[in-house]
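**Q** Shown below is the structure under consideration.
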Amino acid sequence: MGMMRELYGQIIMDHYHRPRNKGELENADLEEHLLNPLCGDEITVYATLDGNKVADVKFSGRGCSISQASASMMTERLMGKCREEAEEEIKHFKNMMTGEEEFPEMDDLAALKGVIQYPSRIKCATLAWTAFQQGMNDEGEG
Amino acid sequence: MYHVEKIRQDFPILERKIGEKKLVYLDNAATSQKPRQVIEVLTDYYEHHNANVHRGAHLLAEEATAAYEESREKVAHFLGVPDATGLIFTRGTTESINLVAYAWGRKNLREGNEIVLSEAEHHSNLVPWQLAAQATGAKLRFIPILEDGTLDMEEAERLVGPKTKLVGCIHASNVLATINPVRELAELAHEYDALILVDGAQSAPHLPVDVDDLGCDFFACSGHKMLGPTGVGVLWGRPELLKEMDPFLGGGEMIREVHLDHSTWNDLPYKFEAGTMNIAQAIGLGAAVDYLEGLGMENIREHERQIGEYAYRSLSEIEDITLYGPEKDRTGLVSFSLPDVHPHDLSQLLNEEGIAIRSGHHCTQPLMRRLGTVATVRASFYLYNTEKEVDALVGAIENAREFFGAFA
Chain A
84 MGMMRELYGQ IIMDHYHRPR NKGELENADL EEHLLNPLCG DEITVYATLD
134 GNKVADVKFS GRGCSISQAS ASMMTERLMG KCREEAEEEI KHFKNMMTGE
184 EEFPEMDDLA ALKGVIQYPS RIKCATLAWT AFQQGMNDEG EG
Chain B
2 MYHVEKIRQD FPILERKIGE KKLVYLDNAA TSQKPRQVIE VLTDYYEHHN
52 ANVHRGAHLL AEEATAAYEE SREKVAHFLG VPDATGLIFT RGTTESINLV
102 AYAWGRKNLR EGNEIVLSEA EHHSNLVPWQ LAAQATGAKL RFIPILEDGT
152 LDMEEAERLV GPKTKLVGCI HASNVLATIN PVRELAELAH EYDALILVDG
202 AQSAPHLPVD VDDLGCDFFA CSGHKMLGPT GVGVLWGRPE LLKEMDPFLG
252 GGEMIREVHL DHSTWNDLPY KFEAGTMNIA QAIGLGAAVD YLEGLGMENI
302 REHERQIGEY AYRSLSEIED ITLYGPEKDR TGLVSFSLPD VHPHDLSQLL
352 NEEGIAIRSG HHCTQPLMRR LGTVATVRAS FYLYNTEKEV DALVGAIENA
402 REFFGAFA
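Taken in order, these protein sequences are the chains called A and B.
Residue numbering for the first sequence follows my numbering, beginning at 84 and increasing consecutively.
Residue numbering for the second sequence follows my numbering, beginning at 2 and increasing consecutively.
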């Protein structure tokens, strides 16, 4: 169970069992639904915008511990950020998941580092982030 | 006498270690492992006989052709096919069904016609018919499943009627472990002069199959799920139907005479074998069939029935587990879910113990919706699996659960 403990660490399991900002947002400016075709998991991310700022973020849906924990971390990460900062955060995160960037130390996100060893699970970790990214693009166009 | 430990020695991969754990391979519904007897035939073919078939008057071409055609005869015999001219090698079940949906469907379906399928179909026996329906204006109807996963035959009798042109059905379910009453469905279809296609991907590897006895018009299966190599599968069709059908793929081998503006078609089965086929794989499938017949399909079925029922019983003792499909008369696989551990997480945790199982929708998204879930865990057994491996699975599930629960 060694590698398992590494992958399913305390932080991931904490976010999984006690997800932050889980729920739906009424009157959201951004709402994006995304499906992981690999396993059928689905996620919806919501955000309200205050001018250029992400005022509130929530997510709903069902999925594995990695996708749920990652979504929970994302909401904490993006809350209060301006649009450009949010886009940067997402870009950094995706780069970390492909191994192009280092994970920040002393950060909840670092707990997802273990996922890199399991290519089939990277999509789980990036699901919410991709949904948010697509939502911002759609919202920008709208 | 069925000697599972002796059988296991024929499968080199079963010696494989996953980390420090011995591999427990329970993903056989996805693909089976290969015995040494099949692997050796592939090597021998490439080392001594490799040539293109049906052309060339040199010795290698003759040997390759003879081995390829001998394999066709073997597979025909294995499936109870009376006349091997109706036995076409394809890339697998998916291609076999697409061949029928295209070459038969496009020619014979029109608006007002109906195709009746079950709601438990694998995508491979659903999507090709969606495409055929779109192209021809025919409609799809679906036989529902009952709570225990078996087909609602009363509803089937209401659905199949004068408008029905074809009934398509899985012989055995890759999720529910059900064995469908194909013979009854065939009689029902034939009452209305409709045809029946049987998707045998999950039956041919595990049950004695006799296409004549089943009364079907088309039967499709995949080599790689029955000890054979990937890249080869089979479509059997009644020759009189195949003769009337247009070709599926055009190219070499499937022609008789080619002019710049038109061509005529080769005899069966070559009319449907365009281009260079997967020759080595087809020959490998012949070796796989030899192996299966050596053990005896009745014996394999009995072994899997026992292990499937043992797995069902053992898993049902796990608290709050949901098991899918009927308790009895099942094939050797069990789909299940737990309320507190996601299928994806469970399969990853089991991998740590060397256990390979499948999680996900198993290419049956409509069935998952019917079952009210998006994904299940599936342990699928084959002729080399043991009750000890079932025990390992149950133990590993309990451990995974404990591990997950510790954080809750």
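We treat Cβ as the ideally placed atom computed from N, Cα and C, and that holds for glycine.
1) Given valine 416/B, which residues of its chain have a CB within under 8 Å of its CB, disregarding the five upstream and five downstream residues?
2) If distances are taken between C-alpha atoms only, which option among Gly373/B, Tyr292/B and Thr387/B comes closest to lysine 75/B?
3) Alpha carbon to alpha carbon, how far is phenylalanine 215/A from alanine 281/B? Give it in angstroms, no decimals.
4) Does DSSP put histidine 304/B in a helix, a strand or coil?
5) Less than 7 Å between C-beta atoms, sequence neighbours within five positions excluded: which residues of the same chain meet that for glutamine 200/A?
6) Out of curiosity, what's the CA-to-CA distance linking aspartate 214/B and arginine 184/B?
7) According to DSSP, simplified to helix, strand and coil, what is glycine 169/B?
8) What are the residues that DSSP puts in a beta bridge with glycine 144/A?
9) Hey, out of Ala194/A, Glu125/A, Tyr129/A and Leu117/A, whose CA is closest to alanine 111/A's CA?
10) How about serine 148/A: is its C-beta nearer than 8 Å to some C-beta of chain B?
11) So glutamine 93/A contacts chain B; which residues on that side make the cut at Cβ distance below 9 Å?
12) Aspartate 346/B versus chain A: which residues are under 7 Å apart at the beta carbon?
13) Compare the C-alpha of leucine 121/A against each of His345/B, Leu141/B, Ser381/B and Arg371/B and name the closest.
14) With 16 other CB atoms within 10 Å as the buried threshold, where does asparagine 119/A fall?
15) Please identify the residue among Ala380/B, Arg159/B, Ala157/B and Ala67/B whose C-alpha is closest to the C-alpha of isoleucine 308/B.
16) Pull out every residue of the region 95-128 of chain A whose Cβ sits closer than 8 Å to any Cβ of chain B, in chain order.
17) Quick check on the DSSP output: the beta strand (DSSP E) that includes valine 183/B runs from which residue to which?
18) Using DSSP's beta-bridge definition, name the partner residues of glutamate 115/B.
19) Using 10 angstroms around the beta-carbon of methionine 2/B, count the other beta-carbons present and answer buried if the total reaches 16, otherwise exposed.
20) Taking 8 Å as the threshold (C-beta atoms), are glutamine 203/B and histidine 172/B in contact?
21) Check this for me: beta carbons of leucine 339/B and aspartate 321/B, under 8 Å apart or not?
22) If you run the structure through DSSP and keep just helix, strand and coil, what is leucine 132/A?
23) Looking at C-alpha atoms only, which residue of Ala102/B, Ile358/B and Leu177/B is the closest neighbour of valine 395/B?
24) Is valine 391/B helix, strand or coil by DSSP?
25) With burial defined as no fewer than 16 other Cβ atoms inside 10 Å of the residue's Cβ, what is the status of asparagine 135/A: buried or exposed?
26) How is the alpha helix (DSSP H) around threonine 94/B delimited, first residue to last?
27) Restricting to Cα atoms, I'd like to know which of Leu118/B, Ala133/B, Gly106/B and Leu132/B is closest to leucine 243/B.
28) For a test of the three-state rule: what should DSSP assign to alanine 152/A, helix, strand or coil?
29) Pull up the distance between the alpha-carbon of glycine 373/B and that of aspartate 11/B, whole angstroms please.
30) Say whether chain A places a C-beta atom closer than 8 Å to the C-beta of valine 395/B.
31) Go through its chain and collect everything with a Cβ distance to aspartate 341/B's Cβ below 8 Å, but skip five positions before and after it.
32) With a threshold of 8 Å between beta carbons, is serine 381/B in contact with chain A?
**A** Looking at the coordinates:
1) With chain B covering 2 to 409 only, the question about residue 416/B has no answer from this structure.
2) Tyr292/B
3) For alanine 281/B and phenylalanine 215/A, the distance between alpha carbons rounds to 48 Å.
4) Here histidine 304/B sits in helix by DSSP.
5) Around glutamine 200/A, the same chain offers no residue with a beta carbon nearer than 7 Å, after the five sequence neighbours per side are excluded.
6) Going from the Cα of aspartate 214/B to the Cα of arginine 184/B covers about 8 Å.
7) strand
8) Ile126/A
9) Tyr129/A
10) yes
11) Phe408
12) Cys147 and Ser148
13) Comparing alpha-carbon positions, the option among His345/B, Leu141/B, Ser381/B and Arg371/B lying closest to leucine 121/A turns out to be His345/B.
14) buried
15) Ala380/B
16) From the region 95-128 of chain A, only Met96, Asp97, Tyr99, His100, Leu121, Cys122, Gly123, Asp124 and Glu125 have a Cβ closer than 8 Å to chain B.
17) Note, valine 183/B: premise wrong, no beta strand (DSSP E); alpha helix (DSSP H) at 183-192.
18) Lys140/B and Thr165/B
19) A residue is called buried once 16 or more other Cβ atoms fall within 10 Å of its Cβ, and methionine 2/B, having fewer, is exposed.
20) yes
21) yes
22) strand
23) Ile358/B
24) helix
25) exposed
26) 94-100 is the span of the alpha helix (DSSP H), which, as asked, contains threonine 94/B.
27) That would be Gly106/B, whose Cα lies nearest to the Cα of leucine 243/B.
28) helix
29) Each residue's Cα considered, the two are about 41 Å apart.
30) no
31) Closer than 8 Å at Cβ, skipping near neighbours: Asp321, Arg402, Phe405, Gly406 and Ala409.
32) no
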